[in-house]
Ligand SMILES: Cc1ncc(COP(=O)(O)O)c(C=O)c1O
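Structure (structure tokens):
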């Protein structure tokens, strides 16, 4: 990626340089860094709402209008002001994956009946706690979960999370796939499905939903695979017999580098329309990334700039423990300066303050002379960042702010 494209691909009306200064959500980012200190996450409520609205309008333009719903996957970012804001928009429910998440969503205003629950490896204690939320909809992802839920809530309706043994992910990144060639812990496989239906029947449970989430970060080039996966999953729908809803999971991605092709939402909606249009089925989608990732920045303080051998290192006061995705999943979070005037930059390696070799934010960052700079911002830090943060090296301190 050359310097020009490094600075061009991610700028948009609410995140861009204006007279050389970086602005986000109508604010001067330097002002935010000075006011809040670092490390700080800042999220734009306006951008989250825009992302939600864009998804809604893509779907309302299809024949699925009136028979789909969006459930925000709160594992992506559970910052309480953000969840409260989402509740107030009235534009989505919640996808939760632990009793703790359900309690948190309820404390932010969502009712249990607005929550769709899908998780793996649940204990009997987990399921017992979850059964106390009247109206919570449970997608069971193992025979064990069906047995436990059946004992706790016989004669109710459930969903089954299935594993179609087909996966999807950004740029064929295997780490982002939840199903595929490798056998994973997620969902009920085709060969066990009849047994799962028998177990459900033995507790008089009605299987009214089929759920699958097969991977994360898909963009336009992966839409053909999404379509193949959905088509394949009708095998489960037809086998179960009384299915009213299909949840296609999340996984809608946002670009991370200039070469990434933006997810064409009209094409995505056309895939759903083609697959579900002729069926009397309500479609659920549970995006995390797509709603919040590009609505967040991580503001970091510069700690040092030093050349070691042939590499220019720029150190910052937050490491991979605050936003583990780049290190765990090879998803780059691009660092950008708070001032930029298009004069020639140098390539630098931006590194954090954790004593681990993988604590590298970005290896080929085009950065200006930073002598007069005190901060950097990481873009795309709104999802799977603070929510996955740890206190490794006792560097877990950070702040979060929702901007309106
Ligand atoms: C069951 C389920 N649904 C939805 C999501 C959200 O995925 P994404 O943030 O990629 O949209 C996940 C993420 O892991 C998931 O496991």
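In this note's numbering, the protein residues as written are 92 to 495. For glycine and all other residues, C-beta sits at the position ideal for the given N, C-alpha and C.
A Cβ-Cβ distance of about 6 Å is found for the pair residue 299 and residue 334, placing them in contact under the 8 Å criterion. Our two residues, residue 132 and residue 93, have alpha carbons roughly 27 Å apart in a direct line. Rounded to the nearest angstrom, the gap between the Cα atoms of residue 332 and residue 490 is 49 Å. Following the DSSP letters along the chain, one finds residue 96 inside the alpha helix (DSSP H) bounded by residues 94–99. Counting along the chain, no beta strand (DSSP E) covers residue 220; the unbroken alpha helix (DSSP H) around it starts and ends at 215–222. For ligand 1, the residues with a Cβ under 5 Å from any of its heavy atoms are, in chain order, 164, 167, 209, 304, 307, 340, 341, 342, 377, 378, 379 and 380. When 373, 408, 382 and 400 are compared, the shortest CA-CA separation from residue 390 is found for 408.
In the three-state DSSP reduction, residue 420 falls in the helix class (H, G or I).
Here the alpha carbons of residue 203 and residue 224 stand approximately 6 Å from one another. Taking a cut-off of 8 Å for Cβ pairs, the segment 274–281 and the segment 248–259 touch, as three or more such pairs fall below it.
In the three-state scheme derived from DSSP, where H, G and I count as helix and E and B as strand, residue 141 is classed as helix. The three-state secondary structure of residue 176, taken from DSSP, is helix. By a beta-carbon distance limit of 8 Å, residue 183 does not contact residue 210. Their separation comes to about 19 Å. Rounded to the nearest whole angstrom, the CA to CA distance from residue 107 to residue 126 is 20 Å.
Contact between the segment 133–141 and the segment 382–402 is established, with three or more Cβ pairs separated by less than 8 Å. Spanning the alpha carbons of residue 365 and residue 302 requires a straight line of approximately 18 Å. The continuous alpha helix (DSSP H) containing residue 361 extends over residues 356–367. Within the same chain, 389, 424 and 426 come within 6 Å of residue 469 by CB-CB distance, once the 5 residues on both sides are set aside. Between residue 112 and residue 102, the gap from beta carbon to beta carbon reaches 8 Å or more. A contact between stretches requires three or more CB pairs, one per stretch, nearer than 8 Å, and the segment 135–148 fails this requirement with the segment 433–453.
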